[in-house]
Structures are given as C-alpha cells and as structure tokens.
Amino acid sequence: MKRGKGEDGSKSIDRISELPQCILQRILYFMSQEDAVRTSVLSKSWREIWCTRPNLDLSDATFKGNNGEFISVLENTLRRYCEQRLSLDECSLSCTSFDSTSVSLIEKWIPLITSAGVKNFRLSIVPAHFGHVKLPSVVFETESLRDLHVERFILDQKAIEKTVLFKHLKKLRLEQVCIHDRIFQKIISSCPLIETMFLKSCNTIRSIKASNLRRLKDFYFSSWSDEEDCSIEIYPTSIETIQIESGNILLHQGSNFLNLTSLFLDHVTLSSLDHFSSCKFPSLENVAILYCNGLEESLEESHLHIDAPNISTFGYHGLLIPSISFATTSTEWSSCLYLLMRSDPSFWLLKLHKLLDSLRQSEISVTIHQFRMNDEDIFQENLDLVQDIKGGNKPAVPLEDLKLQGDLSYFSPLLNGLFCICRPRKIGAINYMNAESVLKNLMQGENGNYQDQLRQLWLPDLEEVSLEIYDKNRREWDPTSLSDLPDYEVGKRISTRFALKWRESFWFVFLQRDTRLDEII
Amino acid sequence: MAAETGTPTTLTLKSNDDELFSVAESAAILSVTIRNMVEDGCAGGVIPLDNVDGKTLASVITYMNGISAIPADEEKKKSYRDKFLSDKDFETLADMVLAANYLNMSCLMDAVSAKIAQVMEKKSVGWVRRKFGIENDYTPEEEAAVKEEHKWTFEGVETDDDN
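Protein sequence lines correspond, in order, to chains R and B. Using the UniProt record's numbering, you'd call the opening residue of the first sequence number 1 and step up by one each time. Using the UniProt record's numbering, you'd call the opening residue of the second sequence number 1 and step up by one each time.
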C-alpha cells in the first residue's frame with residue numbers, strides 16, 4: 001500500500017488526498033473554520049470535505065468580513081449541515097458585536113444547531129451595546145450547551161420563563177449582566193455539572209450559594225459596586241481555584257478544601273477568621289490576601305492561621321499589618337508583603353516583627369509604601385519595643401529583599417527601626433542617581449543625635465555593603481561600584497540596589513534559637 | 001483475559017511484511033482493535049495486522065510503550081506525543097495515521113491528525129498543494145468560483161511564494 005515519491009522526484013504522489021474521508025475529517029477537525037473552509041480550493045476532491053467535519057467554529061471577532069457576511073456564511077454553513085443531515089458534534093459560536101436584530105437571529109440558529117445533534121455547544125453572545133437587547137430565551141432551553149458566555153444583557157424573568165435546561169453546562173461566564181439573585185439562583189441550581197463559574201461586574205448579584213455545585217473547580221467573581229458586598233458560599237471539596245475581587249466569602253468551620261491550589265482574595269471581607277483558621281488547605285500553593293477586611297481587630301482577636309502544608313507563595317497587600325501564620329511542611333516558599341503605611345503607626349514595628357517572625361521559614365520580600373506622615377513619630381512610638389527586640393530573645397528576621405517607596409527615604413528613622421527587627425540581604429530598587437547619597441546615609445550617621453545611637457543597634461552587625469546594577473536585557477543584577485555608574489542623563493532610569501552582608505553573630509543567635517526549638521519539639 | 005498478577009502478558013504482532021514484534025499486552029491494548037481480539041480470546045498466537053507494514057508497526061509500538069509508561073498525567077502524555085511526532089516527515093505521518101485508524105487508537109490518530117492540521121495552518125492553497133503534491137484539477141473558472149464562494153478565508157494568508 002505504501003507508495004513513495006516519484007523516482008526522479010519531479011512529481012510526488014498525492015498521499016494526503018488518498019487518505020480515507022474519516023481521517024481527512026479528523027485532520028480538518030483540528031483546524032480553524034477558516035483554514036478548514038479554505039481546503040475546498042485545493043482540488044475537486046477537497047471541495048466539500050470541510051463541511052462534513054464534525055465541528056463548526058465561527059466567531060465574528062476573527063471573521064474577515066462585515067457582520068452581514070458573517071451572518072450569511074453562518075446561515076449557509078448551518079443549512080449545509082441540515083440539508084445533508086450531517087452530524088455536528090461540536091459547535092462554537094461567538095457573536096461579540098451584534099446589534100439587537102442580529103441577536104434575535106440566534107433564536108433561528110439555535111434550533112438548527114440543536115437539530116444537527118450538537119453535543120458540545122459553546123455560545124458566546126455580547127451585543128455591541130449594553131442594555132436594550134433581550135437574550136433569546138431559547139438559550140436557556142438548549143440542553144447541549146457546555147459553555148455559555150453572555151455579556152451586556154439584562155436577564156429578567158422573561159428570559160428564563162421556562163425550565164432552564166443546563167444539565168450539561170460546564171462553564172458559565174457572565175459579564176456586565178444585570179441579573180437578580182432569584183434568577184441567578186435558578187440558573188445555577190439547574191447546572192449540576194458546572195466546573196467553571198466566571199462572574200464579572202454582575203453588580204446586582206448579592207448572594208451566590210454554590211455549595212451544591214459539587215463539581216465546581218474554578219470560581220471567579222469580581223464586582224465593584226458601591227452597594228453591599230455579595231456573599232459567596234462554595235462547595236469546598238471540588239474547588240481548585242478561587243479568585244474574588246470585592247465580596248464576602250463564607251467559610252464553614254473545619255471545611256476541607258481538598259483540591260484548592262490557588263486562593264486570591266482582593267477587597268474581600270473575611271467574616272470569620274476563626275472559621276478560616278479551622279479550614280484545611282492540603283493542596284494550596286498560592287495565596288494572596290489583598291486589602292481584605294476582617295484582619296484589623298485588636299492583636300489577640302484577629303489572628304489568621306492558614307493550614308496549608310504545601311504552600312508555595314504567599315502575598316499580602318494592605319494598610320495594616322495583619323497577624324497571619326501558616327502551618328506548613330513546605331521547605332521552599334516565599335512571602336511577598338506590600339505594606340502601605342498610614343497615619344497611625346502604633347505598634348507598627350512590633351506587629352511587623354511578629355508577622356515576619358511567623359513567616360521566617362519562607363523567603364520574605366517586603367515593600368513599604370509610606371503616605372505622608374512623620375516617620376519620627378513611628379520611631380518614637382516604637383523606640384522601647386525596638387530596644388526590647390534588640391536586647392531580648394527576639395532575633396531579627398532575615399529578609400531576601402526590602403524596598404521602600406513613596407515619601408520614605410532610604411535613610412529615614414524608619415530604616416533604623418527596620419534593621420533592628422529584620423536583616424535584608426538586598427535593598428532596592430534605587431534609581432542610580434540616588435545610590436551615592438543612600439549609601440552615605442546608610443553607613444554614616446548624622447552627628448550626635450539619638451538616631452546615631454539607634455544606628456549603633458544594628459551597624460556593628462553589618463559587615464559589608466555592595467552595589468549592584470540591573471541589566472535590563474539579561475534581567476540580572478551585576479556587581480558594580482559608585483565610580484562605575486553611568487553618567488547622568490535626563491530622564492534615564494537605571495535600577496541599582498545594595499547587597500548587605502550581615503555578621504555571623506546575628507545568624508548564630510538565630511540558629512541557636514532554632515536548635516533549641518528543635519530540641520523542644 | 002490476562003491474569004491480574006504475575007508476569008506481564010506479552011503479545012506477538014505480525015506486520016503485513018511478516019515482521020514479528022513482541023509487546024506487553026498492557027501497552028498493546030491502547031489499540032481497541034487489539035483489545036477486542038484479546039477480550040475475544042483471539043490473541044493466543046500471533047496477531048496478524050494486515051494493514052500495517054513493519055516500519056510503521058515498529059514506530060507505533062514505540063509509541064505504545066512510551067505513552068503507557070506515563071502515569072495518568074495528560075500534560076506529560078501530550079508532551080511525549082509532541083516529542084514523538086516532532087521529527088516525523090509527512091510520509092511517516094500518513095502511514096501512522098492510517099495505522100492508528102486501522103488499530104483504532106484514538107489518541108495517536110488525534111495527535112497525528114492535529115500535527116498534519118498544524119502543518120496546513122494559515123498556509124496558502126498553493127503552498128499546501130506543493131507541500132503535499134496535490135494536483136489542482138479545477139479549471140481556472142471553477143477555482144475562481146470556489147474562491148469567490150469562500151472569499152472570507154483568503155485574507156491574511158501567507159502568500160504563494162514561500163517554500
């Protein structure tokens with residue numbers, strides 16, 4: 001059966017056209033609609049193969065032509081499948097810039113698509129403008145839907161008058177959809193197989209009770225409205241990723257989030273830290289807690305303990321320093337803190353030391369952004385505490401990286417306080433023009449004031465400071481020196497940083513303490 | 001049926017040019033055709049595969065062994081398939097896809113089909129004709145008519161001049 005090329009190589013045998021129809025259909029199955037249709041021009045035997053492939057994939061966003069042409073291509077193609085009674089297993093239809101007349105055509109197309117036996121139907125409808133277009137109710141009666149993406153519609157009672165038949169739906173994406181709780185609840189209660197739920201800017205939803213969706217894997221919710229937060233309840237066992245931007249998550253006491261790998265909470269109200277702390281996250285790798293409410297109570301009452309044995313990255317952004325700790329067996333993980341300082345500095349360094357201490361098994365990076373405030377204040381407030389930390393058995397915590405932003409200068413009294421509680425290996429990024437003055441201020445004190453005395457608390461431990469410069473092309477830091485820095489040019493920004501080497505005695509204290517801990521355990 | 005425990009059962013496959021191959025049953029039953037034979041008890045002696053030549057069968061068996069050694073990890077399986085097919089020319093791919101179809105091995109069939117589809121992706125009609133030796137049997141008028149019918153698919157495609 002095997003035939004090679006012609007002996008003189010002048011004409012090769014056309015093996016591809018000789019492949020059985022079922023194989024050619026399979027090859028075309030993997031092509032875009034455009035590429036598949038274009039094969040009709042290859043030769044006469046290819047003319048009709050494209051419209052026997054078991055899938056149809058049309059999107060007006062990638063269609064080369066106007067909306068009228070798109071509609072006519074779609075209708076002609078559907079007609080071919082129907083007339084030839086060809087079966088269509090998969091259909092993906094995306095209409096993202098339709099006016100109301102075109103949207104209403106969907107009512108005509110869906111029965112055609114369904115009658116072709118579609119098992120796997122992905123539908124995406126986004127009208128050109130918000131508000132005036134009605135979503136044809138036939139959408140909710142389409143049992144073959146696997147994937148539904150709807151944007152910029154109002155979904156009222158009329159759209160789902162009849163029963164919602166979404167028993168095969170795996171993916172639901174609603175964006176800028178005006179829908180009320182009762183209707184939303186009716187929809188999600190009729191899709192037991194749903195795996196992905198993506199809800200963006202559906203600001204009228206006040207409550208999501210998804211705890212009966214036992215296959216839900218990926219949940220995304222984002223809503224930035226001024227009204228009250230949406231309260232969200234999720235079935236813990238199946239969920240793999242959670243991303244919530246503005247909302248209120250309800251966690252039940254002792255829930256086991258068996259498969260959750262990623263938890264991203266931005267402006268979320270953590271209503272019960274006790275419940276959160278009692279949950280288990282055995283697969284959790286990435287956690288981000290950004291500007292969340294519920295962490296700001298007094299020190300004792302607001303501790304969050306995260307039971308995540310496989311943690312890999314922890315990110316925190318916020319106006320206050322939270323009390324968070326991890327129960328983990330992970331040996332390589334990192335913490336990235338972005339702290340915004342505002343006017344009330346009370347116990348700031350103490351809280352920060354406590355947080356860093358509880359994260360000390362991870363590689364920690366800290367960025368501090370200061371709004372307008374007098375950083376002399378913070379140091380006065382914390383002076384005694386710093387003495388306590390330095391003098392007592394509270395060793396400074398090693399940091400990988402420390403960055404100061406905003407109104408903070410690198411030689412502020414705050415740095416004195418920070419160096420008493422933590423020992424960064426790197427300080428940056430500093431514009432190359434400022435490198436010299438920062439270095440000077442780091443190593444030499446102003447004369448005679450109390451800041452100098454404080455400097456004496458950490459300066460003896462600082463063994464070496466070296467300058468590094470960032471190479472944008474290689475994305476690496478290289479050692480350099482002040483004299484090797486490039487000449488000043490207006491508008492030029494080159495990042496530099498300092499690598500700090502701290503004296504062994506500090507590590508010794510630190511190690512000793514750990515050894516003791518080991519012995520106790 | 002194979003025993004649940006003990007030494008792994010080995011099957012002997014025979015190509016249409018009379019080459020014999022030994023392969024672990026656990027790997028060979030990736031082929032639904034072979035699995036049915038095993039389940040029907042017809043796999044005792046030599047299994048003749050009349051539509052596959054020795055060279056192609058050797059390659060298919062390499063694939064069977066490779067893919068069945070990978071635990072249930074779709075990503076790793078996919079990267080194995082990609083690597084396995086990466087150096088195959090079209091002649092070999094055509095032989096493989098025919099063999100996969102005959103042996104009813106959907107994963108290999110899909111991987112090879114996708115690979116061939118990928119070669120044709122975004123290519124001009126002229127390029128595809130030359131690459132696969134497809135003879136244009138349309139008259140110029142007929143060809144123009146087909147092109148006109150599907151003109152939306154002819155924008156932004158690579159020109160006919162490339163190799």
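C-beta: ideal position from N, C-alpha, C; glycine also.
Worksheet item: Expressed to the nearest angstrom, what Euclidean distance is found between the alpha-carbon atoms of residue 523(R) and Asn473(R)?
Response: This structure leaves residue 523(R) out entirely; chain R is present only between 1 and 521.
Practice prompt. May I have a chain-ordered list of the beta strand (DSSP E) segments no shorter than 3 residues that lie completely inside the region 33-98 of chain R?
Written response: Within the region 33-98 of chain R, complete beta strand (DSSP E) segments of at least 3 residues are found at 55-59 and 90-98, given in chain order.
Discussion item. Would Lys171(R) and Thr196(R) be called neighbours here (beta carbons separated by less than 8 Å)?
Written reply: It is a contact, given that the beta carbons lie within the stated cut-off.
Discussion item. Quick check on Asp99(R): buried or exposed, where buried means 16 or more other Cβ atoms within 10 Å of its Cβ?
Written reply: Exposed.
Discussion item. Does the region 56-70 of chain B come into contact with the region 79-96 of chain B, if we say contact requires no fewer than three beta-carbon pairs (one atom in each stretch) closer than 8 Å?
Written reply: Below 8 Å, enough C-beta pairs join the region 56-70 of chain B and the region 79-96 of chain B to call them touching: three or more.
Discussion item. Less than 8 Å between C-beta atoms, sequence neighbours within five positions excluded: which residues of the same chain meet that for Thr237(R)?
Written reply: So the qualifying residues of the chain are Arg214, Asn256, Phe257, Leu258 and Asn259.
Worksheet item: So the beta strand (DSSP E) Met341(R) belongs to, where does it begin and stop?
Response: Per DSSP, the continuous beta strand (DSSP E) segment holding Met341(R) begins and ends at Ser334 to Met341.
Worksheet item: Using a C-beta to C-beta distance shorter than 8 Å, which residues of chain B count as neighbours of Ser262(R)?
Response: Under the 8 Å cutoff, chain B gives no residues; its nearest Cβ is about 17 Å from Ser262(R).
Discussion item. I want to verify the contact list: residues of chain B whose CB lies under 7 Å from the CB of Ser40(R), in sequence order.
Written reply: Simply Val146 and His150.
Worksheet item: Does DSSP classify Phe419(R) as helix, strand or coil?
Response: Here Phe419(R) sits in helix by DSSP.
Worksheet item: Does the Cβ-Cβ distance between Thr163(R) and Val126(R) come in under 8 Å?
Response: Contact check for Thr163(R) against Val126(R) fails: the beta carbons are separated by 8 Å or more.
Worksheet item: Would you say Gln176(R) and Ser207(R) are within 8 Å of each other, going by their C-beta atoms?
Response: Not closer than 8 Å, so no.
Worksheet item: Within 8 Å (strictly less), CB to CB, does Glu121(B) reach chain R?
Response: Using a Cβ-Cβ cut-off of 8 Å, Glu121(B) counts as an interface residue toward chain R, since at least one Cβ of chain R sits closer than that to its own.
Discussion item. Please state whether the Cβ-Cβ distance between Ile160(R) and Ile187(R) is less than 8 Å.
Written reply: Yes, the pair counts as a contact, with Cβ atoms nearer than the cut-off.
Worksheet entry | Candidates Leu19(R), Asp35(R) and Leu415(R): closest to Arg455(R) by CA position | Nearest of Leu19(R), Asp35(R) and Leu415(R) to Arg455(R), Cα basis: Leu415(R).
Worksheet entry | Inter-residue Cα distance where the pair is Tyr220(R) and Ile242(R) | Rounded to whole angstroms, Tyr220(R) to Ile242(R) spans 6 Å at the Cα level.
Item to complete: Spell out a yes or no on whether the region 79-91 of chain B and the region 42-55 of chain B are touching, meaning 3 or more CB-CB pairs, one atom from each, closer than 8 Å.
Response: Counting Cβ pairs under 8 Å, fewer than three are found: no touch.
Discussion item. Please report the straight-line C-alpha distance between Glu18(R) and Ser40(R), rounded to a whole angstrom.
Written reply: Rounded to whole angstroms, the separation of the alpha carbons of Ser40(R) and Glu18(R) is 15 Å.
Worksheet item: Does the separation of the CB atoms of Ser104(R) and Phe121(R) fall below 8 Å?
Response: No, they are not a contact pair.
Discussion item. Closest to Arg152(R) by C-alpha separation, out of Asn434(R), Ile179(R), Gly428(R) and Lys167(R), would be which residue?
Written reply: Cα-wise, what sits closest to Arg152(R) is Ile179(R).
Practice prompt. Tell me, please, whether the CB atom of Lys14(B) is closer than 8 Å to any CB atom in chain R?
Written response: Lys14(B) has a beta carbon lying at 8 Å or more from every beta carbon in chain R.
Worksheet item: Nearest-angstrom Cα distance between Leu263(R) and Asn286(R)?
Response: In a straight line, the C-alpha of Leu263(R) is about 6 Å away from that of Asn286(R).
Fill in: Alpha-carbon to alpha-carbon, Trp46(R) and Thr52(R)
C-alpha separation (whole angstroms): 11 Å.
Worksheet item: Given that a residue counts as buried once 16 or more other Cβ atoms are within 10 Å of its Cβ, and exposed if not, what is Gly41(B)?
Response: By the neighbour-count rule (16 or more Cβ atoms within 10 Å), Gly41(B) is not buried but exposed.
Fill in: Any chain R beta carbon closer than 8 Å to Asp73(B)
No, its Cβ sits nowhere closer than 8 Å to a Cβ of chain R.
Worksheet item: Ala72(B) to Ser22(B), Cα distance in whole Å?
Response: Going by the C-alpha atoms only, they are around 24 Å apart.
Worksheet item: Taking three-plus beta-carbon pairs below 8 Å as touching, is the region 350-367 of chain R in contact with the region 398-405 of chain R?
Response: The region 350-367 of chain R is in contact with the region 398-405 of chain R.
Fill in: Residue interval of the alpha helix (DSSP H) (run including Met31(R))
Boundaries cannot be given for Met31(R), as no alpha helix (DSSP H) includes it and DSSP labels it neither H nor E.
Worksheet item: the region 124-137 of chain B: which residues have C-beta closer than 8 Å to a C-beta of chain R, in chain order?
Response: Here the close residues are Val125, Val128, Arg129, Phe132, Gly133, Ile134, Glu135, Asn136 and Asp137.
Discussion item. Does Asp484(R) pass the burial test, meaning 16 or more other C-beta atoms within 10 Å, or should it be called exposed?
Written reply: Burial check for Asp484(R): the Cβ neighbour count within 10 Å stays below 16, so the residue is exposed.
Worksheet item: Does any residue of chain B bring its CB to less than 8 Å from the CB of Ser17(R)?
Response: Proximity of Ser17(R) to chain B, defined by a Cβ-Cβ separation below 8 Å, is satisfied.
Discussion item. Between Asp156(R), Ile239(R), Leu148(R) and Asp181(R), which has its C-alpha nearest Phe166(R)'s C-alpha?
Written reply: The shortest C-alpha separation from Phe166(R) is found at Leu148(R).
Fill in: Bridge partner(s) assigned by DSSP for Phe281(R)
For Phe281(R), which the question treats as bridged, DSSP gives no partner whatsoever.
Practice prompt. Report, in whole angstroms, the separation of the C-beta atoms of Asn55(R) and Glu90(R), which I expect to be a contact under 8 Å.
Written response: A Cβ-Cβ distance of about 4 Å is found for the pair Asn55(R) and Glu90(R), placing them in contact under the 8 Å criterion.
Worksheet item: How many Å lie between Ile113(R) and Glu363(R) at the Cα?
Response: Rounded to whole angstroms, Ile113(R) and Glu363(R) show a C-alpha spacing of 54 Å.
Worksheet entry | Interface residues of the region 48-65 of chain R facing chain B [CB-CB below 8 Å] | Within the region 48-65 of chain R, the residues whose Cβ lies closer than 8 Å to some Cβ of chain B are Phe63, Lys64 and Gly65, listed in chain order.
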